[in-house]
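S.K.: When we follow our numbering, the leftmost residue of the sequence shown carries the number 670, and every step to the right adds one. Every residue gets a Cβ at the ideal spot worked out from N, C-alpha and C, and that includes glycine. All figures in this text were calculated on a predicted structure; none of them were measured in a lab. Let me begin by handing over the structure; questions about it come next.
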Amino acid sequence: MRIPLTDEADWDERTRKTLDQLQRLNIFRALAHHPDLLHRWLVFGRHVLGGSTLPARERELVILRTGWRCGSEYEFAQHRVLGRRTGLTDAEIDKVASDATDWAARDTVLLQATDQLIADHRLDDELWKALSQDWSRQQMMDLVFAVGQYTLVSTALNTFQVPLDEGLQGFPS
């Protein structure tokens, strides 16, 4: 672990209140070394996670794929739990971490868009057109920002070597 996890003795009152609301997960305990960054980043993160125009199931599908493609077992583990809450099955969650092609057409386009955003940092005209068949402009914008947000988070988690929270299952075997 490159950035050790903080504990309550390290936190100011604002950070303690924030971490209490966030269940003191390891990601937040690591980021608490930089309280201003933590609090400012949470504003955007809350939009992507809770204020996005993407339906919750599809948002989680995209986040799981981003965690997988970015090699962030921590991100994948956290969103395995959240994905289940949105209706994703364990089989679907595990399938996100494969090259399976037997997804519904809408899911296939979302996964392809996620892969292309991570690989190329852009969407080509063909995928943009395919997305626009089922998704509004705001939803497509939220998709781009979800992949960007979770690519950033995955990069930080991997670089800081944040350990999985207790009891979570990471990547499929």
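Under 9 Å between the Cβ atoms of V714 and V822?
M.R.: The residue labelled residue 714 in the question sits at position 45 within the sequence shown. The residue labelled residue 822 in the question sits at position 153 within the sequence shown. Before going on, a small fix: residue 714 reads as Gly here, not Val. Between G714 and V822, the gap from beta carbon to beta carbon is short of 9 Å.
S.K.: Taking Q818 and L796 to be in contact with their CB atoms under 8 Å, please state how far apart those CB atoms are, rounded to whole angstroms.
M.R.: Counted from its first residue, the sequence shown places residue 818 at position 149. Counted from its first residue, the sequence shown places residue 796 at position 127. The pair is not a contact, with the Cβ atoms about 19 Å apart (cut-off 8 Å).
S.K.: For H703, name the three-state secondary structure that DSSP assigns.
M.R.: Counted from its first residue, the sequence shown places residue 703 at position 34. Note: H703 maps to coil in three-state DSSP.
S.K.: Spatial neighbours of A701 within its chain, please: C-beta separation below 7 Å, excluding the five flanking residues on both sides.
M.R.: Residue mapping note: residue 701 aligns to position 32 of the sequence shown, counting from 1. Contacts found: T675, D679, W680, T684, L688, L707.
S.K.: What is the rounded straight-line gap between the Cα of L760 and the Cα of D789?
M.R.: Residue 760 sits at position 91 when you count from the first residue of the sequence shown. Residue 789 sits at position 120 when you count from the first residue of the sequence shown. Per the sequence shown, the amino acid found at residue 760 is Ala instead of Leu. Their backbone Cα atoms lie some 28 Å apart in a straight line.
S.K.: Can you give the beta carbon distance from L757 to L730, rounded, assuming they're within the 8 Å contact cut?
M.R.: Sequence index remark: in the sequence shown, residue 757 carries index 88 (1-based). Sequence index remark: in the sequence shown, residue 730 carries index 61 (1-based). Contact between L757 and L730 holds: their C-beta atoms lie close to 7 Å from each other, under 8 Å.
S.K.: Can you tell me whether S682 is buried or exposed, with buried defined as 16 or more other CB within 10 angstroms of its CB?
M.R.: Counting from 1 along the sequence shown, the entry for residue 682 is found at position 13. It is Glu, not Ser, that sits at residue 682 in the sequence shown. With fewer than 16 other Cβ atoms from the protein chains shown falling within 10 Å of its own Cβ, E682 counts as exposed.
S.K.: Would you give the residue range spanned by the alpha helix (DSSP H) that F840 belongs to?
M.R.: As a first step, residue 840 must be located in the sequence shown, where it is residue number 171. Element bounds for F840: n/a, residue is neither H nor E.
S.K.: Report back the beta-carbon spacing between A769 and P841 to the nearest angstrom; my notes put them in contact at under 8 Å.
M.R.: The residue given as residue 769 occupies position 100 in the sequence shown. The residue given as residue 841 occupies position 172 in the sequence shown. Going by Cβ atoms, the distance from A769 to P841 rounds to 12 Å, so no, they are not a contact pair.
S.K.: So is A701 in contact with chain C if we call contact Cβ pairs under 9 Å?
M.R.: Considering every chain present, this structure includes no chain C. It has just one protein chain.
S.K.: Hey, out of L792, E677, L694, R709, whose CA is closest to P832's CA?
M.R.: Start at 1 with the first residue of the sequence shown, and residue 832 comes out as number 163. Checking every option, the nearest Cα to that of P832 belongs to L694.
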